[in-house]
Amino acid sequence: KAGVTQTPRYLIKTRGQQVTLSCSPISGHRSVSWYQQTPGQGLQFLFEYFSETQRNKGNFPGRFSGRQFSNSRSEMNVSTLELGDSALYLCASRRGGENEKLFFGSGTQLSVL
Amino acid sequence: AQSVSQHNHHVILSEAASLELGCNYSYGGTVNLFWYVQYPGQHLQLLLKYFSGDPLVKGIKGFEAEFIKSKFSFNLRKPSVQWSDTAEYFCAVSRSGGSYIPTFGRGTSLIVHP
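Respectively, the protein sequence lines represent chains E and A.
Each residue of the first sequence is one higher than the one before, counting from 825 in this note's numbering.
Each residue of the second sequence is one higher than the one before, counting from -6 in this note's numbering.
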């Protein structure tokens, strides 16, 4: 069974630009979550999508948005990039029920210059 | 909302030393508890989890964790570490009773010297 796939692996952008990251979950998983990982803050939850609907949301500004398609693939968009958005963005999938463990992808390393 | 605190940000040990990584959470209700590990160059993966029952939970690679409800703690332990245990360790907590997403701690970087 293929794991969680995130593309691209690396991105370099400049301030003010916008970026779209992609995540393909494990087959059969309907939940996709996004996390921002930085050395000082650990993993911070952005949002979760389940069956194309946002089910949970973290405390990030509106510049961070996402969506999920009918095949459960998800995209995350960040508009008007800031230097502080430089981070590893992780996607995780699970079937969707309670108590299920998360399966993580390798992440997209975003650098904002 | 719940929060998670990991006391040690960096731990350096020699092989065969014992390990204990602290994790405390703040939430008054019933919780699910997790430890995830990220080996160098690899994905984050589940090390062990606690939902209910025996508060002493055993995971992969000889790790265990004990849930102490009165202390809101879920410390990770291993009696004798190996060089291959070098990794980043994350404690996570989610509210029980729904499809809640886990809240993660900041992580502890463990380096084991051979």
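Glycine is no exception: its CB is placed at the ideal position from the N, C-alpha and C atoms.
Extent of the continuous beta strand (DSSP E) to which residue i belongs
i: G866 of chain E; result: 866 to 874
i: Q31 of chain A; result: 24 to 31
i: F884 of chain E; result: Counting along the chain, F884 of chain E falls outside any beta strand (DSSP E), and DSSP gives it neither H nor E.
i: A911 of chain E; result: 911 to 918
i: R833 of chain E; result: Counting along the chain, R833 of chain E falls outside any beta strand (DSSP E), and DSSP gives it neither H nor E.
i: Y18 of chain A; result: 17 to 19
i: L907 of chain E; result: That residue, L907 of chain E, is in no beta strand (DSSP E); it is neither H nor E in DSSP.
i: Q(-1) of chain A; result: That residue, Q(-1) of chain A, is in no beta strand (DSSP E); it is neither H nor E in DSSP.
i: S851 of chain E; result: Counting along the chain, S851 of chain E falls outside any beta strand (DSSP E), and DSSP gives it neither H nor E.
Buried versus exposed call for residue i [16 or more other C-beta atoms within 10 Å across all chains shown]
i: H853 of chain E; result: buried
i: N25 of chain A; result: buried
i: L49 of chain A; result: exposed
i: G100 of chain A; result: buried
i: K71 of chain A; result: buried
i: L926 of chain E; result: buried
i: I94 of chain A; result: buried
i: P107 of chain A; result: exposed
i: D47 of chain A; result: exposed
i: Y834 of chain E; result: exposed
i: F896 of chain E; result: The sequence given here has Ser at residue 896 of chain E, not Phe. With 16 or more other Cβ atoms within 10 Å, it is buried.
i: G886 of chain E; result: exposed
i: G98 of chain A; result: buried
i: P916 of chain E; result: Per the sequence shown, residue 916 of chain E should be read as Ala rather than Pro. Under this definition A916 of chain E is a buried residue.
Distance between residue j and residue i (C-alpha atoms, nearest Å)
i: G929 of chain E; j: G55 of chain A; result: 25 Å
i: M900 of chain E; j: A10 of chain A; result: 42 Å
i: Y859 of chain E; j: L914 of chain E; result: 5 Å
i: D61 of chain A; j: A911 of chain E; result: It should be noted that the sequence gives Ile, not Asp, for residue 61 of chain A. Between I61 of chain A and A911 of chain E, the C-alpha separation is close to 34 Å.
i: A80 of chain A; j: L40 of chain A; result: 12 Å
i: L14 of chain A; j: L69 of chain A; result: 5 Å
i: V936 of chain E; j: Q861 of chain E; result: 15 Å
i: G52 of chain A; j: K42 of chain A; result: 8 Å
i: T838 of chain E; j: L934 of chain E; result: 10 Å
i: I104 of chain A; j: F884 of chain E; result: 32 Å
i: N880 of chain E; j: T96 of chain A; result: 12 Å
i: L6 of chain A; j: L905 of chain E; result: 39 Å
i: S77 of chain A; j: Q35 of chain A; result: 13 Å
i: Q868 of chain E; j: K64 of chain A; result: 24 Å
i: E876 of chain E; j: Q892 of chain E; result: 5 Å
i: N17 of chain A; j: I850 of chain E; result: 31 Å
i: E924 of chain E; j: I836 of chain E; result: 34 Å
i: Q842 of chain E; j: P863 of chain E; result: 23 Å
i: N1 of chain A; j: F67 of chain A; result: 14 Å
i: S(-2) of chain A; j: S846 of chain E; result: 30 Å
Chain-order list of residues whose beta-carbon lies under 6 Å from that of residue i (same chain, five-residue window excluded)
i: T844 of chain E; result: E899, N901
i: S848 of chain E; result: T829, R897
i: E57 of chain A; result: K51, R70
Same chain, Cβ closer than 8 Å to residue i, five either side skipped, listed in chain order
i: G890 of chain E; result: W858, L870, F871, Y873, Q878, S898, E899, M900, N901
i: R919 of chain E; result: G852, H853, R854, S855
i: T23 of chain A; result: R88, S89, G90
i: V4 of chain A; result: L12, L14, T101, S102, L103, I104
i: F888 of chain E; result: L870, F871, M900, N901, V902
Neighbourhood of residue i by C-beta distance below 7 Å, restricted to the same chain and skipping five residues each side
i: Y29 of chain A; result: L37, Q38, L39, L40, F83, A85
i: S73 of chain A; result: A9, S11
i: P832 of chain E; result: T932
i: L907 of chain E; result: R839, V936
Heavy atom of the ligand SAH within 7 Å of residue i beta-carbon
i: R839 of chain E; result: In the structure shown, the ligand SAH is absent, as is every other ligand, since no ligand is present at all.
Report the start-end ranges of each beta strand (DSSP E) in the segment 36 to 75 of chain A that is 3 residues or longer and not cut off at the edges. List check, beta strand (DSSP E) in window: 37 to 43, 49 to 51, 57 to 61, 66 to 71.
Uninterrupted beta strand (DSSP E) stretches inside the segment 77 to 105 of chain A (no shorter than 3 residues): The qualifying runs are 80 to 88.
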